[in-house]
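Written out below as C-alpha cells is the structure these notes cover.
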Amino acid sequence: MTQYAELVCRSNYSFLSGASHPEELVNQAASEGLSAIALTDGDGLYGSVKAHTAAKAHGLQFILGTMLTLTDGPRLCVYPENATGYAHLCELISTSRLGHAKGLAGLSWERVAERSAGLIALLPRTGSSGPGTKLFELAEAFRGRFYVGVSRSLAPDDERRVHEAIALAQALEAPLVAHNDVHTHHRDRQPLQDVMTAIRHSTTVAHAGTLLFPNAERTVKGPLEMAHLFSDMPEVVGRTMEIASACQFSFDHIQYDFSEEHLPPGMNTSQYLAHRVDEGLRSRYPGGVPDAVLAQIRKELELIDALDYPGYFLAMWDIVRFARSKGILCQGRGSAANSAVCFALHITSIDPVRMGLLFERFLSMERREPPDIDVDFEHARREEVIQYVYEKHGRHRAAMVSEHICFRGKLAVREVGKALGLSLDQVDRLAKSLDFETDIGPYQLHRAGLSLSERSVQQTLSLSKQLIGMPRHLSIHVGGFVITHRPLVSIAPVENGAMAARTVVQWDKDDLAVLNMLKVDLLGLGMLTVISRCFELIEQTTGLKLTMASVPAEDPAVYDMLCDGDSIGTFQVESRAQQNMLPRLKPRRFYDLVIQIAIIRPGPIVGDMVHPFLRRRNGDEEVTYPSEDVKFILERTLGIPIFQEQAMKLAMVAAGFSTGDADRLRRALTNKRANELLVPFRAKFIEGCVSRGYDRDFAVRCFDSFRGFSEYGFPESHSASFALIAYVSSWLKRYHPASFCAALLDAQPMGFYSPHTLVDDARRHGVEVRGVDVNRSEWISRMEVIEQTTPFVLRDSKDPGPPPFPQTTERVALRLSFALVKGIREASARQLVAARDAGGPFTSIADLARRTRLPRHELTRLALAGALNGLSHNRRNALWDLQALGPFDADDLFFGLPMATDRGTFSEMTVNDRVYTDYETVGLSLEAHPVELLRSQLKKLGALTAADLLRARPGQHVRVGGLVIVRQRPPTAKGFSFLSVEDETGIANFVIEPKNFERYRQAVTGTALVVGSGRIERNGKVVNLKIDHLEELVPDG
Amino acid sequence: MRLGALFLPRFPLQRLVLEQPSLSGQPIVLHADDRGSQRVHFVSASAVKLGLRPGMTVSAAAAIVPTVVKRPFDVEAETKALVSLGERLMAASPAFQVDAPEGLWLDASASHLAGGEALWGKVLVSTLAQAGYRARCVVASERFTAQALARFGHEPLAVVGAKTNAQLAPLPLQALEVGWLGAGATAPFRSLGLSTLGEVAGLASGALIARFGTMGLHAARLCRGEDDSRFVAQALPEQVHERVQLDWPAEHLEPLLFALKMLVDRLCGRLQGRQQAAVQLTVTLCLESRERQAVPLRLARPTSQSKLLLELIRHRLTDLTVTQPISALEVLIDEACADPGRQLMLGDAPAGEAELEVVLSRLQSALGPDTLFSAVPQAQHRPEDGWVATPFRPPDAGRLSDIWGVVDADWALGTEQTELVVDEPLEAPACLSPLPQKPEAAPPMWLPGQAQRSDEEAQVLDLVAFIDKQAGQPHLKPKAKSVEVPKTATSTMLARPPRVFRQPSVLHVDVAADGVMRWVTLLGKRRRVESLAGPERLTGAWWAPEPFARDYYRVQIEGVGALWVFRDGQDGDFYVQGMFD
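Just so you know, the sequences run in chain order G and P. In this note's numbering, each residue carries its 1-based index in the first sequence increased by 2. In this note's numbering, each residue carries its 1-based index in the second sequence increased by 49.
Next up, the structure:
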C-alpha cells in the first residue's frame, strides 16, 4: 500500500499565506491516511506545538520543520533528524529573525551550510533562476540529506516546473521527492486563502488576478491521490517516507533546564532556597514562626525539591528583591499566594496558612506542572525590571513569551470586507454593528444600511467567521519571560519584538505549558503606580511616609465609604456592578473585600452564588452545614462555595477525592467544555458524598453550583492579593482624595473612568482642583498648599443638604498637569518647566515663547486650554497675542518677538464655548459640566438630576438626562444593558431590559448625551432607573 | 470690469431632477468616493428634512432613510454641465467662468445693451428659470463680492457698487472658504470669536499681516470688498457633446423624444452661443445592457435650429429597430461648419493624417465598427478573461510630429504596445454551438443545408474541410469496435493553444463507462479521441455572480487535430476553448 508523508505545508502561522489552523492540517492528514505531516511555516515554529499536540492525539508522526528564507537563493525547507538538528534549526531561525526587523527574515547559504548537521534539506521549488553555484555548494553541505521537491497542483505551469525539478535533481545529484505545497487543509478553505492573499497584497480578490492560486489543489491529499498524480514517477511519493523515518525528533525530546541562580559556595539550589526561606520567615514572623507555618514550609520545600523547581523560586525571589531595592512596588498574585514559600520569600503578601489557602492549587506532585508565579509591578517602572532580567541572565538565556494576536470580529469583518470590494464606509458600518453582538443578523444589517441579499455582504460575514481566531501577528505577552540555563536559541526560536530591546520566543504561554517550559510573569499594574505616586505626594505635602504595609488596617471609615458605593478610582471595586454590590454586601473587614472582588465575576454570577450569599449575609436565610468538616471549608463564605479552592477541598473532604483528582476536577470545571468533561466527576462526587454520609441533595446542589466555575472566576488567593491593593487604594481615596486623584490622573489611561469623572468625583469629596497654568503646572499633577478647602457644591440644587460624600480635610489643592493637554509633548512640557525654574515665572506670552522656544502649535494648544490666561487675561486674547509673535525658526533674530503690539478687542468666550474648548483640549472642565449647560432644556423636559434621583421614591416614574460615561452589556446579564449617565451632580444608573435594547439600540450603543425615563428601583442605597424610553439629548439651537 | 455671479443652489441635484422628473420630491443624495468611503456631497431638500446631511457616509444615510435615492456625484460632469449652461448664456454675455459645482460668473460689461445691469441679471435668472433652474444673480465689480452675495445673500437679484463692504459685512466667514482661502482656513478667525466678514474687515491691516501673513491680508481685503483676482473666460470644449440619462429605460419613442428635445435644445443653445452650426453628428443610444448603438447623421445643410435637428433625428430613430430598452441618449457634434483652421508647423503632414483617417474608415466600414480594438493582457486565470478588448484609438487629431514623439518615447522605455487586432479569427467555430443558458436547452447540431449558414460557420467549415483534406480523411466514420484511448497522462507538456476562443462552445462527448472521453461529435460527425492530456484545473471567481471550475484537456481528435477542451465543474458538460495549430 502506498504511503505518503506531506513535507511542505503552510499553516495560518505563515501569517496570511496559509488558511488552515495547524490542528486542522493534522486532523485532515490523519483522516486522509497520511503517515506523517510536517509543518513548514516560513522562518518559524510558531504553530508547531499545536500541530505536535494534535498529532499526538491522532498517533500521527509530526515532523518539525520550517521554510528558511535565503538572501541569496530560493527558499529551503529543513527538518531536524535529531537533537543536534533541532538545536541548529532553532539557531538558524533565531539568526534569521534576529538579524532583521520584526516580520522579516533572511539567511545566507553559508550560514545554513554551517549548521547543516542533523538537518535534512528539501528545495520545494526550483525558482526561475535555475541552479547557481551556491545551490551546488549548499547541496554539497547537506550531502545525502538534500532533496529536490516536485509538486503537481494541476496548475498551468506544472509540467514546466516538473521538468525543471528533474533537471535540477540530476544536476545536483539529489533525489526527487513529492510534496503538495499545502496551504489549506481542505479545498473548501480556498476562498479564505484567496481573501488572505488579497489582504496580504492590499488589494481585492477581484483585482488580485494571478496573485491568487489558479485552483484549490494546494491542499492535504491522501497517498492514493498523490500516487495517481505521480503515476509516471512513483518513487518520488515513496521517498517522502524516507525523510519521515529519518526525522524522528519531536518536542517530547526537548530537555529544558531553568536558569540556576548564582549560588554561594558550597550550596546547591535547594539549600540556597531553604536558606532564603529561613531568612524570610524570620522577617515575616519576628515573634517566632508558628508550627503550622513551619510544617507547611517543610512540605512545600520537599515538593519543590522533588519537582526540581528551586531555581525557579530563587529567580523570582531575585527579581522581587531587585524591584524592592529600587523602590518599585510589587506584589505576587494568582495561585502563588497559596504558597507559604512565596510568602516567606516576600514574593506574595498574603499569609496562606493564616488564610487557610490550599497549596495544591499552586503545585502538586500528581500534576507535575510548572508553577505559575505572577508578580505585579508598578506599570510605569516595569521596564526597569525587564531590563534587569535581560541583564542578569543575558539575552541568549532570556526572552519574553510571545502572544499570538488573532483576528477578532471587527478586524476580520473589516479585512474581509475590503478584500471583497466593499467600500470603506460599508465595512465600517458592518464592523460597528458588531459592537454589542457576536453575530450579525438581518436587523443589524438593515440598521447599518446593508442588506443580507447582497452576495458580498453574505460572503463577508461567512468568511470573517472563518478568519476569526486565525493568527494575525506576533505580539509580546504582557509579562511572560522564559529563562534557561542553556542558550535559549538552541531550545526555542527567538525573534525581535516590536518594542525596542525586546526579544521573544515564537511560542505563546499555552505552547510553553505543553513543552513544560517555565515562565515567570512580570506584569504591570497601573494601581501600584498610583499607590506609589500617591505615597510620594503624601510625603511631599504632609511628611507622612507610607508603605503598603504601614497603611492602617481595617479602618471602619474606609469600609463606611465602600458601603456607600463610593469607590470611583479604587482598585477592582470601582465598576458599576461593584458599586451596586458594595451597599448590599456591606464589607466590614478584609475578608469581605476578598469576597466582594471575587463574587462579581462571571463564574459566581452564572453559578448563581451571588443571591444566596447575599441572603445569608443579610440574615434572610439560615446558614447550615452538613458537617464540621464542611463547615471548616465553607464557613467564611457562609456555606456557599465561591472559590475554586473550596470546590477542591469539598471534593477531597466530602467526596473523598485525592489531591490529584481534586485538581483534575478543578481543571474540568474551568475548561470551556466543562459540561462534557464534568460528566464522570459528577457521579463520583455525589456517590462519594453519599458514601460519607452526606445528604444526596447537598451533594447535587454543591456540584451543580460548581458549574459556574467554567466561566471566569478568581481563585481565593488571587482575590486576597487584589483585596489588599483594593483596601490600600480605598484608604488613600478616603483620607487623601486630592493626592489619590492626582496619582490617578498621572497614571492614565487606566481604570473604568475618564479624567473628567475622576476630577468631578474628587471635587465632590471637597478637593479643590485648579486648572492648567504655564506658571504653575508641571508635566505631572502637583499639589498646592491652601489655607482652606472649598467644598464642592452640588449645582442646581436649592437645598443640597449635607454633602453625600465624606469631605476631605487635606489642606492641598490639585493642580492639573500639562500631560492632560492634548497636543503637548512631554519633552516640551519639561522644557517649559525648566525655563520657568531657571528664569522665574513668565511675564508675557512673548517671554514664554522666547524662553521656552516651544513650537507655535503647542503654545496655541496651551492658549486654548486656558493655560495662558494668567498672561493674557482670556483665551482669545492669548491666541491673538500668540499669533502676533515673529518667526518661530530657532535661528531667527526676531524669534518670538511681538511683531505688533496692538491688542484686538475680543469678547470672552461664552461659557458653552469655554466648556467645549476645555473638553477638546484638556478632556475636562472645571467651570461647568456639559450637562449643566443643558440643564434648562432638561428642566423643560421635566428631568431630574442624578442627585435628585437618589432622593426620589421607589416606583416613581421619572426622567433623567446626562452624559454616558460607561456602557456595558455583560454576557452574564441575560441581555440587560447598563449605562452610567453622569450630570453635574453625580452618576445615575440606567438599566435597559433586553426587550428595549433593539428599540433604543442607537442610543444605548452610540449616543453621547441621552435622556431616559423609567421607574425607580431602590435596593438599600442602590438606586437604578429601569428605562422604558431612551432617546438622544439633542441640544437646542 | 463688471461681473454677474450666478448661484444655482444644489445645481447637481437640480440638473438630476430636470433630467429625471420622477425624482422630484424624493429624498436624494449625491455621493462620491472620499478616501475609500462613499460620502454624501449634496442632499435634496426632502432628504434634509429626514435628517440627511452632506459629509455623512452613504451607508449612514441609507441606515437613516432606507428609501433614499443614491446617485454618484461627479465634479467633472457637473463642471461640464456648467460649461454647457454657460455656453447657452453666451447670447447675453460674451464670456463666462465656471464656479463649480454651483455657479458661474458672467461678463456683464455689455449689460447696458440689455437695458442695464438689473435688467440683464433679471434676463439671466428668467432664462435659467425657463430652462428649469433656480438661480440667484448678483452684479458687482469683484468676483468675490458677487459670489459671496449670490451664495450667502438672500436677494434673488442684486447690484452692488465697486469696493463696497456694507453688504458683505453680515455674511458668514464661510464665504471666504469656498474657492478662496480653502476649507478650514478661517479656523484662526473663528478661534478668536469672529464670525462675520465685517468683523474681520474691522481689524487693523497691520495686526492681521503680523498675525496671519498674506492670508490675513488677503482675507481682510476680500472682506472689505477689495478683490483683484481676474476673470478668466472659460475656454470652450472642442467637442459639443450632450448626454441625458432617462428616468427609466424607454421602450417607446415618446419618452425618448421628450429626452431628445431637452438634449437637442441644450446642444443647439451651445452651438448658437458659439455661432456654429452642426454638419455631422452622432446620436448614440445607450441600451439597458450597456451596449451602445450609434446613429450617424450627416446634414446636407448645416444647422443650429433645434426644431429641424430634432425632426431629422426623429426620422432616423423611427426607422431604427433596437433589441433592448434605451437607458440614455448622447449626441455628439462630429463636425460643425465653423472651422477655425490651423497654422501648419514644419514637419506636419496633414495629407498623411488624412490618409490614415481614410484607411481606418475603410477598415471599419469593411469589418464593422467594433472590429478595431486593442487587446490588453489581464492577469486573470480564466482564459477568456486573459485579455480585454479596449477601443482602438487612432492618433488624436493634431500634429504628427507630436504623435511620433510620443511613440519614440514609448519604444525607448520598452513599454507594452497595444496592437491592432482583427477580432474575427478568435471567434469559436460555429459548429461548436455557443454556451447554452441551460445545459439541457442546447440547440441541435447544425446540419449542412438545414439552415442558412453564417459567415463564421462558413469559415469554420472551410477550416475543417482543409484539415480533413490535409489528413486525407475527408469523411471519417466511427469504427464499429471500441478504440483504445490512452489514459489521462499528466506528463505531457500542456501548452496553451495559440487560438483561444472568446466564448467557449459546447462539445458533444461520448464518455465511456470508465469515465474516459472516447468520441466527440464535431461538425455532424462522430470522431475518435486519439489522445488526451490533462487536466489543468482552473477555479475561481467565487465572489462573482459567475464562478468557474474547469478541468482543461488537450484533446487530439482524429482528423481534426488538437483542441483545448474543458469540462465544466458546474454543469458537467464539455466545452471547446481553443485550437492548437
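Positions of the beta carbon are idealized from the N, C-alpha and C atoms, including for glycine.
Is there a Cβ of chain P sitting closer than 8 Å to that of residue i, yes or no?
{"i": "Gly825(G)", "result": "no"}
Are the beta-carbon atoms belonging to residue i and residue j less than 8 Å from one another?
{"i": "Ala728(G)", "j": "Val575(G)", "result": "yes"}
{"i": "Val150(G)", "j": "Ala176(G)", "result": "yes"}
{"i": "Ala96(P)", "j": "Val114(P)", "result": "yes"}
{"i": "Phe659(G)", "j": "Ala653(G)", "result": "yes"}
{"i": "Phe144(G)", "j": "Ala123(G)", "result": "yes"}
{"i": "Glu995(G)", "j": "Phe978(G)", "result": "yes"}
{"i": "Ser133(P)", "j": "Met50(P)", "result": "no"}
DSSP state of residue i, grouped into three classes?
{"i": "Gln522(P)", "result": "Confidence is the limiting factor: at Gln522(P) the pLDDT is only 38, short of 50, which leaves the residue's position unreliable and the question unanswerable from this model."}
{"i": "Ser741(G)", "result": "helix"}
{"i": "Gln429(P)", "result": "coil"}
{"i": "Arg675(G)", "result": "coil"}
{"i": "Lys942(G)", "result": "helix"}
{"i": "Lys686(G)", "result": "helix"}
{"i": "Arg51(P)", "result": "coil"}
{"i": "Ser2(G)", "result": "Residue 2(G) cannot be examined here, being either before or after the span of chain G that is shown, 3 to 1039."}
{"i": "Glu379(P)", "result": "strand"}
{"i": "Ala450(G)", "result": "coil"}
Return the CA-CA distance between residue i and residue j, expressed in angstroms with no decimal places.
{"i": "Lys536(P)", "j": "His185(G)", "result": "Its pLDDT being 38, under 50, Lys536(P) is placed unreliably in this model, and the coordinates cannot settle the point."}
{"i": "Arg616(P)", "j": "Gln294(P)", "result": "42 Å"}
{"i": "Pro808(G)", "j": "Arg736(G)", "result": "8 Å"}
{"i": "Ala276(P)", "j": "Asp123(P)", "result": "According to the sequence displayed, residue 276(P) carries Asp and not Ala. The alpha-carbon atoms of Asp276(P) and Asp123(P) are separated by roughly 30 Å."}
{"i": "Ala949(G)", "j": "Ile989(G)", "result": "8 Å"}
{"i": "Leu584(G)", "j": "Val625(G)", "result": "21 Å"}
{"i": "Tyr6(G)", "j": "Ala81(P)", "result": "56 Å"}
{"i": "Ile407(G)", "j": "Arg286(G)", "result": "42 Å"}
Are the C-beta atoms of residue i and some chain G residue less than 8 Å apart?
{"i": "Ser240(P)", "result": "yes"}
{"i": "Ala96(P)", "result": "no"}
{"i": "Arg567(P)", "result": "no"}
{"i": "Gln429(P)", "result": "yes"}
{"i": "Gln605(P)", "result": "no"}
{"i": "Ser93(P)", "result": "no"}
{"i": "Phe122(P)", "result": "no"}
{"i": "Ser86(P)", "result": "yes"}
Which same chain residues, not among the five before or five after residue i, have their C-beta less than 6 Å away from its C-beta?
{"i": "Ser19(G)", "result": "Arg12"}
{"i": "Ser577(G)", "result": "Phe754"}
{"i": "Gln75(P)", "result": "Val118"}
Between residue i and the ligand GTP, is the CB less than 7 Å from at least one heavy atom?
{"i": "Met357(G)", "result": "Looking at this structure, you won't find the ligand GTP or any other ligand, since it has none at all."}
Suppose the cutoff is 8 Å on Cβ atoms and the five residues either side in sequence are ignored; what does the same chain contact list for residue i look like?
{"i": "Ala477(P)", "result": "Note that Ala477(P) scores a pLDDT of 39, beneath 50, so its modelled location is shaky; the value from the coordinates is reported in the next line. Cβ neighbours of Ala477(P) beyond the five flanking positions: Pro483, Phe550, Arg551, Gln552, Pro553, Ser554 and Val625."}
{"i": "Leu5(P)", "result": "Only positions 50 to 630 of chain P appear in the structure, and residue 5(P) is not among them; the question remains open."}
{"i": "Asp74(G)", "result": "Ser110, Trp111 and Lys136"}
Quick one: which chain C residues come within Cβ less than 8 Å of residue i?
{"i": "Arg878(G)", "result": "Here chain C cannot be found, since the structure's protein chains are G and P."}
For residue i, which residues from the same chain have a beta carbon less than 7 Å from its beta carbon, with the 5 sequence-adjacent residues on both sides left out?
{"i": "Val553(G)", "result": "Val730 and Trp733"}
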